[in-house]
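J.: Residue numbers (the UniProt record's numbering): 1 to 461. Note that beta-carbon positions come from the ideal geometry of N, C-alpha and C, so glycine has one too.
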Amino acid sequence: MVSAVAVLPRAGCTALHTARRLGNQTQLFQAPFLRGGIPLLQCLPPARQNRSVRMASNSNVKERRPAAPDTNNRPKRGISDAEAAERRNKLNKSVPLGDRLLTASNQLLNVVAYPIGFGVLAVTLPFIWVRRLFYEAFKEPQDMTDKVVLITGGSSGIGEHMAYEYARLGARLSLVARRKDKLHEVEANSWALGAHDVMIVEADLGDEAGCKLALSKTLEHYDHLDLLVNNAGLFNSFYFDDAKDTKGFQSILDTNFWAAVNLTHHALPHLKASKGQIYVTVSVSSIAPVPMNTLYNASKSAVASFYHTLRIELGDKVPITMFSPGIVKSEMTDGKFIQPDGHVADYEEGIQLRRQNGFGLIPLLPTALAARAAVDATRKRKPDVIFPVWYGLFAYFRLLAPEILDPLLRSILTGKPSPLKRVQDAVGGGLGEPNQQQLERGGMRKVGEKDSVEEKSGATK
1 MVSAVAVLPR AGCTALHTAR RLGNQTQLFQ APFLRGGIPL LQCLPPARQN RSVRMASNSN
61 VKERRPAAPD TNNRPKRGIS DAEAAERRNK LNKSVPLGDR LLTASNQLLN VVAYPIGFGV
121 LAVTLPFIWV RRLFYEAFKE PQDMTDKVVL ITGGSSGIGE HMAYEYARLG ARLSLVARRK
181 DKLHEVEANS WALGAHDVMI VEADLGDEAG CKLALSKTLE HYDHLDLLVN NAGLFNSFYF
241 DDAKDTKGFQ SILDTNFWAA VNLTHHALPH LKASKGQIYV TVSVSSIAPV PMNTLYNASK
301 SAVASFYHTL RIELGDKVPI TMFSPGIVKS EMTDGKFIQP DGHVADYEEG IQLRRQNGFG
361 LIPLLPTALA ARAAVDATRK RKPDVIFPVW YGLFAYFRLL APEILDPLLR SILTGKPSPL
421 KRVQDAVGGG LGEPNQQQLE RGGMRKVGEK DSVEEKSGAT K
């Protein structure tokens with residue numbers, strides 16, 4: 001018998017001889033090598049090949065094939081087999097030439113964009129830095145005498161002290177917040193410091209109707225608007241998965257983001273007419289993902305992105321200053337936080353809560369100092385200010401080395417209690433109960449003063 005295959009795989013012959021030794025003819029003729037069409041008879045001596053072929057032809061053994069899948073238990077598809085085949089054909093078609101060109105273009109940019117970009121920065125940065133130095137040295141701050149300034153969150157914190165700074169400059173103020181008694185106090189102080197006019201508007205800026213009310217009252221009193229100060233804010237301090245009620249989520253976004261957006265939308269035509277400008281309190285939280293401040297961080301990131309984009313759209317028509325302070329001594333660091341069940345902590349809760357994040361080991365900014373820096377940046381129409389500047393390191397680490405920043409923040413700021421808080425407790429640090437001077441100058445809450453989510457905060461960070 002002439003062999004059709006000169007050489008066979010050793011594994012096939014080994015399997016066949018094993019079957020022969022076991023005397024199992026059925027196994028021999030059911031071997032997968034026979035089913036696959038491989039002439040394993042070449043492993044036999046020539047005298048045995050003819051007999052083996054006759055045995056195979058006379059045998060009733062049938063080829064075993066893999067069992068067909070049980071289609072009865074298969075989940076039913078929403079489409080027929082024909083439609084499925086048609087869809088597969090469409091999806092498996094080759095990528096169009098246009099898409100291939102787009103892919104190639106992006107791959108090329110992946111290679112050349114960074115070298116070109118860093119080259120441009122290397123050439124232009126020295127000129128930009130020199131320009132900034134001269135700008136800082138010789139730029140005259142804007143004269144605020146009789147300028148109409150609308151300040152949201154004007155009852156406490158940065159907003160309160162910005163009102164005092166503008167009052168010293170002879171501006172005309174419109175102070176907007178929810179707590180009327182606090183507004184009257186700030187109003188009286190502003191008159192005493194030299195404001196040319198002061199009005200107050202009690203409004204809940206978490207609703208668009210409150211934004212419209214604040215603007216309409218201001219325009220009714222002053223006829224125009226020169227500066228919009230978006231400063232109202234609300235803070236949370238809890239792990240996201242500890243939240244028991246989501247009602248506080250919307251309150252934070254309503255106050256921190258939508259209040260600024262809605263008020264800006266309605267004020268923009270008036271600011272264009274007066275060649276005015278916009279100020280917004282952002283936060284270093286927009287660049288530093290500090291644990292337990294999930295929603296606050298997200299709201300401030302949204303604010304930063306919105307106003308950065310709006311600034312590009314408007315150009316020089318309405319200058320926008322984005323001021324990002326660090327941790328400011330205010331009602332927020334006094335423990336005025338949204339809690340997991342959605343309520344705002346009252347004074348007694350705040351005594352404990354203000355210590356939980358280890359604020360005592362981080363240099364706090366005096367409220368008046370932060371407000372003075374914010375007013376100075378706005379008068380010089382600076383586009384972006386991080387105050388103090390060392391917080392800007394977070395941006396570089398977040399962009400270039402998140403592998404360092406994320407584990408660092410996680411290791412020192414997470415846990416119950418966090419390592420930072422344990423160190424704070426061990427060294428006796430942390431924010432103590434506000435003294436009388438802080439209560440008078442720092443925008444702190446008084447004993448027994450309460451708040452709620454339904455009454456959205458005018459505090460700022």
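In whole angstroms, give me the CA-to-CA distance for V389 and V201.
T.: What you label residue 389 is simply residue 389 of the sequence shown in a count that begins at 1. What you label residue 201 is simply residue 201 of the sequence shown in a count that begins at 1. In a straight line, the C-alpha of V389 is about 34 Å away from that of V201.
J.: For M144, which beta-bridge partners are listed by DSSP?
T.: Taking the sequence shown and counting its residues from 1, one reaches residue 144 at position 144. M144 is not bridged to any residue.
J.: For the beta strand (DSSP E) that contains N293, what are its first and last residues?
T.: If you number the sequence shown from 1, residue 293 lands on position 293. Looking at the DSSP string, N293 is not in any beta strand (DSSP E), and its letter there is neither H nor E.
J.: Using the Cβ count rule (16 or more neighbours within 10 Å means buried), how would you classify D81?
T.: Position 81 of the sequence shown, counted from the first residue, corresponds to residue 81. Exposed, since its Cβ has fewer than 16 Cβ neighbours within 10 Å.
J.: Between the beta-carbon of S324 and the beta-carbon of V284, is there less than 8 Å?
T.: Here residue 324 corresponds to residue number 324 of the sequence shown, with the count starting at 1. Here residue 284 corresponds to residue number 284 of the sequence shown, with the count starting at 1. In this structure, V284 lies closer than 8 Å to S324 by Cβ.
J.: Taking the alpha-carbon of A177 as reference, which of G170, A163, A167, L169 has the nearest alpha-carbon?
T.: What you label residue 177 is simply residue 177 of the sequence shown in a count that begins at 1. Of the listed residues, the one whose Cα sits closest to A177 is A163.
J.: For a minimum of 3 consecutive residues, which ranges assigned as the beta strand (DSSP E) are wholly contained in the stretch 251-306?
T.: Listed in chain order, the complete beta strand (DSSP E) runs (minimum 3 residues) inside the stretch 251-306 are 277-281.
J.: Take P319 as the anchor and find which of K275, L393, A259 has the nearest alpha-carbon.
T.: For the purposes of this step, residue 319 is taken as the residue at position 319 of the sequence shown. If we check each option's Cα against that of P319, K275 comes out closest.
J.: If the criterion is Cβ atoms closer than 8 Å, does the pair L175 and L225 meet it?
T.: Here the question's residue 175 lines up with position 175 in the sequence shown. Here the question's residue 225 lines up with position 225 in the sequence shown. It is not a contact, given that the beta carbons lie outside the stated cut-off.
J.: In terms of alpha-carbon separation, which member of Y391, R132, I79 lies closest to I327?
T.: By 1-based counting over the sequence shown, the position of residue 327 is 327. When only C-alpha atoms are compared, the closest one is Y391.
J.: Between the Cα of I252 and those of I79, L228, D207, spot the shortest distance and give me the residue it belongs to.
T.: Here residue 252 is taken as the residue at index 252 of the sequence shown, counted from 1. Looking at the Cα atoms, D207 is the closest of the given residues.
J.: Using the three-state DSSP reduction, which class does F387 fall into: helix, strand or coil?
T.: For the purposes of this step, residue 387 is taken as the residue at position 387 of the sequence shown. Strand at F387.
J.: Pick out whichever of E185, V186, F257, T264 has its Cα sitting closest to the Cα of S216.
T.: Indexing the sequence shown from 1 puts residue 216 at position 216. Checked all of E185, V186, F257, T264; the closest Cα to S216 is T264.
J.: Could you give the residue range of the beta strand (DSSP E) that holds L175?
T.: Position 175 of the sequence shown, counted from the start, is the residue given in the question as residue 175. Note, L175: beta strand (DSSP E), 172-177.
J.: Take P289 as the anchor and find which of A395, V303, L219 has the nearest alpha-carbon.
T.: Within the sequence shown, the letter at position 289 stands for residue 289. Of the candidates A395, V303, L219, the one whose C-alpha sits nearest the C-alpha of P289 is A395.
J.: Rounded to the nearest angstrom, what separates V149 and H308 at their Cα positions?
T.: What you label residue 149 is simply residue 149 of the sequence shown in a count that begins at 1. What you label residue 308 is simply residue 308 of the sequence shown in a count that begins at 1. Roughly 21 Å between the two C-alpha positions.
J.: Give me the Cα-Cα distance between I312 and D384, rounded to the nearest whole angstrom.
T.: For the purposes of this step, residue 312 is identified with residue 312 of the sequence shown, where counting begins at 1. For the purposes of this step, residue 384 is identified with residue 384 of the sequence shown, where counting begins at 1. Near 13 Å, if we compare the C-alpha coordinates of D384 and I312.
J.: With a Cβ-Cβ cutoff of 8 Å, do G373 and V303 count as a contact?
T.: Mapped onto the sequence shown, residue 373 falls at position 373. Mapped onto the sequence shown, residue 303 falls at position 303. First, the amino acid is wrong: residue 373 is Ala here, not Gly. Contact flag unset, no.
J.: If we count the other Cβ atoms within 10 Å of its Cβ and call it buried at 16 or more, is Y166 buried or exposed?
T.: Against the sequence shown, residue 166 aligns to sequence position 166. So Y166 counts as buried.
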